[in-house]
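Chemist: Chains as they are written, first to last, in the numbering used here: chain A, 1 to 428; chain B, 429 to 856. By construction, the Cβ of each residue, glycine as well, lies at the ideal position given by its N, Cα and C atoms.
#1: Indicate whether residue 705 of chain B and residue 773 of chain B have their beta-carbon atoms separated by less than 9 Å.
#2: Under a Cβ-count criterion, where at least 16 other Cβ atoms within 10 Å of its own Cβ denotes burial, should residue 174 of chain A be classed as buried or exposed?
#3: Please list, in chain order, the residues of the stretch 11 to 30 of chain A that have any C-beta partner in chain B closer than 9 Å.
#4: Would you mind stating whether residue 830 of chain B and residue 690 of chain B have Cβ atoms separated by less than 9 Å?
#5: Need the endpoints of the alpha helix (DSSP H) that residue 326 of chain A sits in, please.
#6: Please confirm whether residue 489 of chain B has its beta-carbon closer than 9 Å to some beta-carbon of chain A.
#7: Chain B partners of residue 93 of chain A, CB-CB under 7 Å?
#8: Ignore the nearest five residues each way along the sequence and tell me which others in residue 38 of chain A's own chain have a CB closer than 6 Å to its CB.
#9: DSSP three-state label for residue 479 of chain B, please.
#10: List the residues of chain A whose Cβ lies closer than 8 Å to the Cβ of residue 581 of chain B, in chain order.
#11: Going by the DSSP bridge assignment, what does residue 473 of chain B pair with across the sheet?
#12: Kindly say whether residue 486 of chain B, judged by its beta-carbon, lies nearer than 9 Å to any beta-carbon of chain A.
#13: According to DSSP, what are the bridge partners of residue 227 of chain A?
#14: Can you check whether the C-beta of residue 99 of chain A is within less than 9 Å of a C-beta belonging to chain B?
#15: In or out: residue 49 of chain A buried (at least 16 other Cβ within 10 Å) or exposed?
#16: For residue 273 of chain A, count neighbouring C-beta atoms within 10 Å of its own C-beta (all shown protein chains included) and say buried if the count is 16 or more, exposed if not.
#17: So that I know if they touch, is there some Cβ in chain B lying closer than 9 Å to that of residue 52 of chain A?
#18: Please determine, among A:341, A:120, A:268, the residue with the shortest C-alpha to C-alpha distance to residue 314 of chain A.
#19: So the beta strand (DSSP E) residue 275 of chain A belongs to, where does it begin and stop?
#20: Any idea if residue 836 of chain B is buried or exposed, counting beta-carbon neighbours within 10 angstroms, 16 or more meaning buried?
#21: Check distances from the C-beta atoms of the stretch 78 to 90 of chain A to those of chain B and list, in chain order, the residues that come in under 7 Å.
#22: Starting from residue 778 of chain B and walking both ways along the beta strand (DSSP E), at which residues does that stretch end?
#23: How many Å lie between residue 87 of chain A and residue 631 of chain B at the Cα?
#24: Assuming residue 21 of chain A and residue 11 of chain A make a contact with CB atoms under 8 Å, what is their CB distance in whole Å?
#25: Closer than 7 Å by beta-carbon distance: list the chain A residues that pair up with residue 499 of chain B, in chain order.
#26: Out of A:70, A:84, A:28, A:15, which one is the CA nearest neighbour of residue 480 of chain B?
#27: Measuring only the C-alpha atoms, how far is residue 430 of chain A from residue 300 of chain A?
#28: Does any C-beta atom of chain B lie closer than 9 Å to the C-beta of residue 346 of chain A?
#29: Rounded to the nearest angstrom, what separates residue 414 of chain A and residue 89 of chain A at their Cα positions?
#30: Cβ of residue 56 of chain A within 9 Å of Cβ of residue 588 of chain B?
#31: Please report how far the alpha carbon of residue 642 of chain B lies from the alpha carbon of residue 668 of chain B, in whole angstroms.
#32: Please compile the residues from chain B whose C-beta is within a distance smaller than 7 Å of the C-beta of residue 55 of chain A.
#33: Return yes when the Cβ of residue 570 of chain B is within less than 9 Å of the Cβ of residue 524 of chain B, no when it is not.
#34: The alpha helix (DSSP H) that contains residue 25 of chain A, what's its start and end?
#35: Determine which residues share a DSSP beta bridge with residue 139 of chain A and list them.
#36: Based on Cα-Cα distance, which residue from B:763, B:553, B:537, B:665 lies nearest to residue 597 of chain B?
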C-alpha cells in the first residue's frame, strides 16, 4: 500500500512531539507501506514568523512573506526526517518546490496546478520515507516560492495522494474525527465514522473546521479516501470517501442498516446579514448590487430576495457575508444608493447559521419540516433559509444558535445514547 | 558601480537591527549603485536550530541538518527584503539555490563550484536590490540543499562579487576592521587600513578570526577587493586588496612612505604538539607516519624534524594539530609504534602559536633576528619554528603567548603611539 500522512502543527509542537510522530511514521513503514508524510510548521511558528514580519514592515510584500513563512515547514520537515533516521530508517525531507508542487503565482493564496513528483517517487523507490513541507509550492511562471494559504497542508497531502496514486490519505490532528455537531455545544455529539465527500464539503462550508474546504474539494474530485484521526491516540477517526453501499445480506451489518438521514449539524457565527430595503423591482438591479460587492472580493454566502410587493414594485434583498467584510460592503452599497434608488440599508451582525447536512435527505421527504418544527419547539425564530440537495441552512439570532443546534441534533436522532443511529459499514 | 555587501548575524540580531541594515542598503542604492546583499541568519538562530536538531537526534543526518539550518538565512533574507520594501525600494530575496550557487555535495562543508547568477542579474536589471541567503547552495548532482560550513557567508559574498563583476565586496561585522594584533592582548593595537590578500591569508591561517580563510583565498584568486568594516558605524575599515605601489612623487604621501615591515601579529592557542621520539632515520618513515594521520582527516599544521643523531640513526619528529584531534592522532600513532619502531610519544597541549606577517619581510633582511631577540628579551622560549615567504611562526608555552605577541608588536613598531608606522596610500 502507498499511504500519505499529514500531521498538523499541534502534532509537532516540540522535539518530543516530533519524536512521537516519527514513531508513528516508522510503524506505518514497518507494516510494509510506502509512506509520504506532509508536515505543518511546529506549533506557533507561523504566527511567530508573521509577528516578526510585522515588526519589520507593517505591510510586508506577499512574495517575501511566502519566502519567510515557508521556512516553518522546512524546519519541521528536516527535524522529522532526523527523528526518523534516529530510529534507524531512511528519510528524506523535501520542500514544496523540491516535491514538485507547482502552483499559481498568487502569493499567500496560491492554488496547486500540477504536481511533478519525480523526486518523491525516486526516494520511495530507494526505500526512503519522504517528508514533504506542507502549505507551500513553487510558482509555475516566476519559480518563486508560494504558499497555499493557512491550513492548506491538508490540501498538499490530498493532492500528493492523488498524484502518487496513494491508497488513502491520513490527516492527523488534535481531535479524533468529525463530529455530528460541535461537542462544546452538544455534549452528546458523536464521532462520525464515515461521511461522503459531498456531505463533508457541505459541513466544511457551513462551519465544521476540521478539514479545509479546498482539501475536501480536491479529495472529492480525485476520489482520494481521507481518514481524519487523532495523532494522540490510535483510535479510528472519520473516513471521508465514497459511501459503501450497505450489503443487507452481511450478518455483521444486521441491525445497523438504518442509514442516518442527517450526518451532522454544523454552525457558524462569523457572518453578518445586510438587508437592502426597497430595491426597485426591475431587471438587472440585483445584478448591479452584487457586481459592486463582488468587485471588492467579498465572499457572499446566502442571498434571499422577497417577493415584490405589487403595489410598490419594490423588493427587499438580504445577503450574508463575513463580519470582517461588513464595513466595506456597507460603504460600497451606500455609494450606490442614489443610482439604484433603494430606500434603506440594514446591518445585523448578531446572527448565526445552523445547517443540517446529509445525503439521506435526498430519499427522505419531510426533512425540512422536521428541522423547522424542531426549531419552533425550541422557540428559535428563522431569519433566512437556503438549501442544497443535501443541506438545509437557516440564519437565526446569535443567542439562539446553541439551542438550535442541540434541537436539530436531537430531532434527527444523532444523540449518542440512541445506539441505532450509527452508519452501516463502519468499524474498520 | 556594482557592490556586494555582506552582513553577519550580529548585524541582524532583531527587527530593529534588520531595519538599520535596510537603511544602510537603501543608502548605498540611492548613491546609484547596483546592490546585492548577502545575509547571515539572525543572531543565535543557527545555534538554536542546531540545539533543536540535537534534541530530536544525537547524530542528525548531514543532508537534513543542511535543510534545517538553511532556514535561518532564508528568514533573515526575507525579513531584510521586507524592511527595504518598507523604505520604498524594490527588493527580492533569493535562497542560495535560487541565486545559482552550485556546490559540491558535501553536506555541512560544501564548496562552491559554479555560480549561475541569472536570477540575480535579472532582478538587478529590473532595478531591484537583491538579498541572497548566505552560507548555502545547491548540490550539482543531487539538487539537494547544502551549506558551506560555519561562517561561510563571507565566501558567498566574495564568490558572488567575482561572478557578478562587482567593483568591491563589503563585509560588515561587529568590529571595525582587521587589527595589528588582538586588542584584548595588545591594547595599543591599531586598525590596519589596507592589507594584501597574501598577508590576510597568512593572518587568517594563523588565528586572526575576522575573515574566513576560504573567503580570503577566493578573494585573492578572483582579485575581489574586500572592505571589512563595522555595521555599527560609518568609519572606514580594512581594505583587503592588491597593494597599491606608493608614488614617492605624490606630496600627499610625503612622510608616509615608510612601508611597515610587519602588517600584524597573529596568535592562536587551539593547537597541541605531538613529538615522536626515536624514529628510525630511513627513507619513507615520515611518509608512513603522516599518511596514517592524514587518513583520519586531521589537519596538521607545523612539522619539524630534527637532524638525525649520527650515532643512533634515529630522529625526532614534532608536529602541531588542533587540540580536538589530539586523542585520535595519539591512538593512530600508538597503533603504529611496533611497525615503525619509534621509542616514545609526547603530547603537549599547553602551547600557543605566535606569527608575524608582512610582505615587507621579503625586502627587509633581519626580520627573523629582530623577532627572536624581542622574544628573548621578553623571556619567551621558542619551541618550534616555521616560516613562509611573508610569515614567521613560533610555538611557545601557552602562558607566554600574550607576552610574546606584545613584544613582537612593539619591536616591529606597530604600537599606536608610533605615528610614523602607518601604511602608505591609506585614508581612502
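Modeler: So, to answer that:
#1: yes
#2: exposed
#3: 14, 15, 16, 18, 19, 22
#4: no
#5: 326 to 340
#6: yes
#7: 492, 495
#8: 6, 132, 134, 153, 156, 157
#9: helix
#10: Correct list: empty, because the minimum Cβ distance to chain A is about 17 Å.
#11: Bridge partners of residue 473 of chain B: none, in fact.
#12: yes
#13: A:170, A:239
#14: no
#15: buried
#16: buried
#17: yes
#18: A:341
#19: 271 to 280
#20: buried
#21: 78, 79, 81, 82, 83, 85, 86
#22: No beta strand (DSSP E) holds residue 778 of chain B; DSSP gives it neither H nor E.
#23: 45 Å
#24: 6 Å
#25: 71, 74, 75
#26: A:15
#27: A question about residue 430 of chain A goes unanswered here, because the residues of chain A that appear run from 1 up to 428.
#28: no
#29: 44 Å
#30: no
#31: 14 Å
#32: 443
#33: no
#34: 15 to 30
#35: A:103
#36: B:665
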